[in-house]
Amino acid sequence: MLYKRSSALFAEAEKVIPGGVNSPVRAFKAVGGTPIFVKKAKGTYLYDEDDNRLIDYIASWGPMILGHAYEPVVKAVKERAESGTSFGIPTALETEIAKLAVQMVPGIDKIRFVNSGTEACMSAVRLARGYTGKEKIIKFSGCYHGHSDAFLIQAGSGAVTFGSPNSPGVTKGTAKDTLLAPYNDLDAVKELIKANPGEIAAIIIEPVAGNMGCVLPNPGFLEGLREACDLHGILLIFDEVMTGFRLARGGAQELLGVKADIVTFGKVIGGGLPVGAFAANSEIMSHLAPDGPVYQAGTLSGNPLAMAAGMAMLKELNERPDVFKSLEEKTAYLHKGLLKVLNDSGKVFCINRIGSMISVHFTEEVFDFESAAKGNNETFKMFFHGMLKEGVYLPPSAFESWFLNDALSYEDLDHTINAANKVLRGL
Ligand SMILES: *Cc1c(COP(=O)(O)O)cnc(C)c1O
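Going by the numbering used here, the first residue of the sequence shown is number 103, and it counts up by one from there.
Listed below in structure tokens is the structure:
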């Protein structure tokens, strides 16, 4: 495959955009080479500027769970655009999507819409602090909750890829209020709680981590966090920006059967437009402005175009719960195929999977950030570029989960497995 136009476009972009990209992980720094530029996409296929067709395994990092340019979403956006794209005044649509989200997700009464997952997590922590009157939070190494200051402490994916787990520009004052524990290590969490008595407002976690590859919570881990939170008056925040409306209608809470106090959303909830949200019961949400003193706002929050896209997406997922089964079956099929191919290749590897999230790590097992970091990055790089040549677009970093979309056909999956076989035999 040729990437002539993409390379030229990247060179142009670098002149006027830092690193040529508007989000670091797009830059291919972790895998080398220059990024491809997308011209258009339909279903599971990306078409780049050099007219290569690629099978997409990132789905815009999650949102395009039903495939690109999904008809009901496109139609909703087109129709909505004709009537104006932003007012800064309430619309009926905001209540409609809020009602639907509250109905789909366990344990929430009210939801506030924002413009990104970053905003959602940042606001959720502010709300937790305002509600509890406490200042510290516990997060887990390798979990990503967006790029707000409090979270850029061992933050996974992009931040790890670029070797700046503690980004310059984050003050010591901010960093000291973020306590770190290894994922899946309940004892470490209990130690932190003991060492900071009465000071912890919230524990924030990806209930299934998707930003150090896909990492599953060990049995009992989330339940243990729930128990510790209840015991010590700490709020449990599930960052479901990735897992919400992806692992099940009600996200990881539904699939794993553990309830959070505050849940954050992004990605799928916007149907491909910039949307984030955070939600909780009425009592907690009553602390949020204008009902309560915890301030949070947004000129474009609840934007009609974004709400129309999100509504069309959630409606589909709500009315077709078979989608989650179909996604799970496709991902299991891919898992099985890759398992055979990787076994035959003689490489050291492990595959982590749940629902429509899957990742291949070139190391024995991955259950937290430290074990994920042991993956052989040279092998991953060659695997990534080999797959790209075969027309398969994987996330350009070993620290990212693959996100399947329901437009993938079994022929696409077979192509992917065969490509992996070819590539791995050549390594
Ligand atoms: C993507 C992501 C975020 C950040 O969302 P943005 O919309 O990129 O700001 C937060 N948390 C998790 C778990 C994510 O995957």
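Note that beta-carbon positions come from the ideal geometry of N, C-alpha and C, so glycine has one too.
Note that the structure is a prediction, hence the values are computed from the model and not measured.
Please list, in chain order, all residues of the same chain as Asp251 whose beta carbon is under 6 Å from its beta carbon, the five residues on each side excluded. Val272 and Thr276
Suppose you measure from the CA of Arg516 to the CA of Leu318; what does that come to, to the nearest Å? The identity of residue 516 in the sequence shown is Asp, whereas the question assumes Arg. So the two alpha carbons sit approximately 26 Å from each other.
Check whether the Cβ of Gly312 sits closer than 8 Å to any heavy atom of ligand 1, and report yes or no. yes
Start and end of the beta strand (DSSP E) containing Arg214? Lys212 to Val216
Supposed close pair Val377, Ala350 - CB separation, criterion 8 Å: Their Cβ separation, rounded to whole angstroms, is 19 Å, which puts Val377 and Ala350 out of contact at 8 Å.
Using only alpha-carbon positions, find the residue among Glu356, Leu496, Asp158 and Ile460 that is nearest to Gly145. Asp158
Are there 16 or more other CB atoms within 10 angstroms of the CB of Asp470, so buried, or fewer, so exposed? buried
Simplified DSSP assignment, three categories, for Lys238: strand
Give the straight-line distance between the Cα atoms of Gly235 and Ala303, rounded to the nearest whole angstrom. 7 Å
Can you find a heavy atom of ligand 1 that lies under 8 Å from the Cβ of Trp163? yes
Using DSSP with H/G/I as helix, E/B as strand and the rest coil, what is Met459? strand
Locate the alpha helix (DSSP H) running through Thr481, then write down its first and last residues. Asn479 to Lys491
May I ask you to check if the CB of Ser269 is nearer than 8 Å to at least one heavy atom of ligand 1? no
Continuous alpha helix (DSSP H) stretch holding Arg107: start and end: Lys106 to Val118
Quick one: is the Cβ of His487 within less than 8 Å of any heavy atom of ligand 1? no
Let me confirm a value: Leu529 is counted as buried when at least 16 other C-beta atoms fall within 10 Å, else exposed. Which label applies? exposed
Which ranges does the alpha helix (DSSP H) cover as unbroken runs of at least 4 residues, wholly within the region 345 to 405, from first to last along the chain? 353 to 358 and 384 to 387
Does the region 120 to 140 touch the region 148 to 168, meaning 3 or more C-beta pairs lie closer than 8 Å? yes
Is the beta carbon of Ile339 less than 9 Å from the beta carbon of Ile371? no
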